Amino acid sequence: MFTILLRTIILYTLVVLIMRIMGKRQIGELQPFELVITIMISDLASLPMQDTRIPLIHGVIPIVTLLFLEIIISLLQLKSETARLVISGKPSILINNGKIDIDIMRNQRLNLNDLMEEIRLKGYYNLEDIEFAILETSGQLSIIPKTELANATKQDLNIKCPQDVIPITLILDGKINYKNLKILGKSEKWLITTLHSKNISSTKEVFIALANSKGKFYMQTYKN
Amino acid sequence: MRNVIITIILFSTTVLICFVSVKYLNKISNNIHTENTSIMNNIKDGDWKRAMTISTNMSKDWHIYSNRCSIFVNHTFIDDISLEEHKLEAYIKTKDKDEALASANSIEFLLERIKKLETINFENLF
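Line order of the protein sequences matches chains A and B. In this text, residue positions in the first sequence follow our numbering: the first is 318, and each later residue adds one. In this text, residue positions in the second sequence follow our numbering: the first is -7, and each later residue adds one.
Here is the structure:
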């Protein structure tokens, strides 16, 4: 019994490590080859987990081999356009210049209801509002609406505003993040003074404190 | 790039483990095969005492080998060989020639089977 428990811990750790090495792509939108590898890994890990007659290494070898293949294929895709085309395919334009391409719809075995559903999910309700709809290799649908129906941007309206920056966490769960404080170019003394000015005596009272995307100080205490 | 390097190291280690395990498996198979063959010859010659001595040695050797190769060989095969090996010892004790020879043959077959399963050939690949 304890063997199964320990095997599960080992295999879980291994699979998490492998997924981390495979990178963020593996947990986001999957390409066909990535989906295959993810399904295979989950199955391979569960077999030696349950069956103690199978040596753990019989699960580890294929998982590591799949990791190796995934990395090689990703590298190939990065370096070669042809490899990218063969492995991931190419995006299909379902709506071209405002008109549905029936042949491509048939090729992708996509019916009109599927297309309409995807379009609605993207926030468009009329087919005539769409100039281009592209079915990406990951299976996601990208939509380019007719220019006159697209949302107006600040640039369109000539509104000038400063560029937003990445929010930086300064205190999390009462603990000061000194690294982020250094990145922000501020000292601990500045942080304490800022907290005092808001009637906070200790960082331990703070649940979260950060410099937001506008560069302003924001905080929330546990009491809030 | 770091991920690529880690992957290459992991994969190379895996390939190395495969090589070492197959080599070890061949080595222990040959050792057990030699001992088993001499047990069979002694049984055929009616030298039960000598067969018993070799069988005890083989049992000791197998105990050490089985612990190590259980890391990379399906435990069912190891259990089957252990069982046959115990049977062989009992048949030698009772001087049952037919059963002892059958058990020795089984051990040989099982060892060959483990070795064959690790061979890269058309049959194993598909």
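Cβ atoms here follow ideal geometry from the backbone N, Cα and C, with glycine treated the same way. These numbers come from a predicted model, not from an experiment.
*Would you mind working out which of 5(B), 63(B), 21(B) and 77(B) sits nearest residue 44(B), comparing C-alpha positions?*
Closest option to residue 44(B), Cα to Cα, is 77(B).
_Interface partners of residue 68(B) on chain A, CB under 7 angstroms_ = Neighbours of residue 68(B) in chain A, taken as residues whose beta carbon is under 7 angstroms from its own, are 370 in chain order.
_Please report the straight-line C-alpha distance between residue 442(A) and residue 516(A), rounded to a whole angstrom._
The straight-line gap from Cα to Cα measures roughly 51 angstroms.
*Could you pull out every residue in the same chain whose Cβ sits closer than 7 angstroms to the Cβ of residue 471(A), ignoring the five residues on either side in sequence?*
The residues are 478.
*Own chain, CB closer than 6 angstroms to residue 473(A), minus 5 neighbours either side, in chain order*: Contacts found: none.
_Other residues of its chain near residue 46(B): CB distance less than 8 angstroms, five sequence neighbours each side excluded_ = Taken in chain order, the residues that qualify are 27, 30, 31 and 34.
*For the alpha helix (DSSP H) containing residue 111(B), list its first residue and its last residue.*
Per DSSP, residue 111(B) belongs to no alpha helix (DSSP H) and is neither H nor E.
_List, in chain order, every chain A residue whose beta-carbon is nearer than 9 angstroms to that of residue 2(B)._
What residue 2(B) touches in chain A: 335, 338, 381, 384 and 385.
*Name the one or two DSSP bridge partners that residue 501(A) has.*
DSSP output for residue 501(A) lists no bridge partner at all.
*Please work out which residues of its chain come closer than 6 angstroms, Cβ to Cβ, to residue 69(B), disregarding the five sequence neighbours upstream and downstream, and give them in chain order.*
Sequence-distant Cβ neighbours of residue 69(B) in its own chain, meaning closer than 6 angstroms and more than five residues away, are 106.
_I'd like to confirm the pairing. Which residues does DSSP put opposite residue 523(A) in its beta bridges?_
Per DSSP, 538(A).
*Please confirm whether residue 455(A) and residue 348(A) have their CB atoms less than 8 angstroms apart.*
In contact: residue 455(A) and residue 348(A) (Cβ atoms closer than 8 angstroms).
*Could you work out which residue in 501(A), 370(A) and 339(A) is closest to residue 358(A) when comparing CA atoms only?*
Nearest of 501(A), 370(A) and 339(A) to residue 358(A), Cα basis: 339(A).
*residue 527(A) beta carbon less than 8 angstroms from that of residue 486(A)*: Here residue 486(A) is near residue 527(A), since their CB atoms are less than 8 angstroms apart.
*residue 75(B) lies in the beta strand (DSSP E); which residues open and close that run?*
That residue, residue 75(B), is in no beta strand (DSSP E); its alpha helix (DSSP H) goes 67 to 85.
*asked:* Strictly below 8 angstroms CB to CB, what residues from chain A border residue 12(B)?
replied: Per Cβ cutoff of 8 angstroms: no residues; residue 12(B) is ~11 angstroms from chain A at best.
*Tell me the start and end of each unbroken beta strand (DSSP E) in the segment 406 to 431 of chain A that is at least 3 residues and wholly inside, in chain order.*
Those beta strand (DSSP E) runs which fall completely within the segment 406 to 431 of chain A and span 3+ residues are 409 to 413.
*Going by the CB atoms, is the gap between residue 73(B) and residue 103(B) shorter than 8 angstroms?*
Cβ distance < 8 angstroms, so residue 103(B) and residue 73(B) count as in contact.
*asked:* Quick check on DSSP: helix, strand or coil for residue 372(A)?
replied: DSSP places residue 372(A) in the coil class of the three-state scheme, outside both helix and strand.
*Starting from the C-beta of residue 377(A), find all residues in its chain whose C-beta is less than 6 angstroms away, skip the five residues before and the five after it, and write them out in chain order.*
Excluding residues within five positions, none has a Cβ falling inside 6 angstroms.
*Could you tell me if residue 539(A) is buried or exposed, where buried requires 16 or more neighbouring beta carbons within 10 angstroms of its beta carbon?*
Per the 10 Å Cβ criterion, exposed.
_Judging by CA-CA distance, which residue of 522(A), 334(A) and 353(A) is the nearest neighbour of residue 404(A)?_
Ranked by Cα distance from residue 404(A), the first of 522(A), 334(A) and 353(A) is 353(A).
*DSSP puts residue 462(A) in a beta bridge; with which residues?*
Paired residue(s): 447(A).
*For the segment 101 to 117 of chain B, which residues have a CB atom closer than 9 angstroms to at least one CB atom of chain A, in sequence order?*
For the segment 101 to 117 of chain B, the set of residues with a beta-carbon nearer than 9 angstroms to any beta-carbon of chain A is empty.
*Outcome for residue 387(A) when other beta-carbon atoms lying within 10 angstroms are tallied against a minimum of 16*: Per the 10 Å Cβ criterion, buried.
*Considering only C-alpha positions, which residue in the set 446(A), 451(A) and 373(A) is nearest to residue 411(A)?*
Out of 446(A), 451(A) and 373(A), the CA that lies nearest to the CA of residue 411(A) is found in 451(A).
*Could you tell me which residues DSSP puts in a beta bridge with residue 486(A)?*
In DSSP, residue 486(A) forms a bridge with 527(A).
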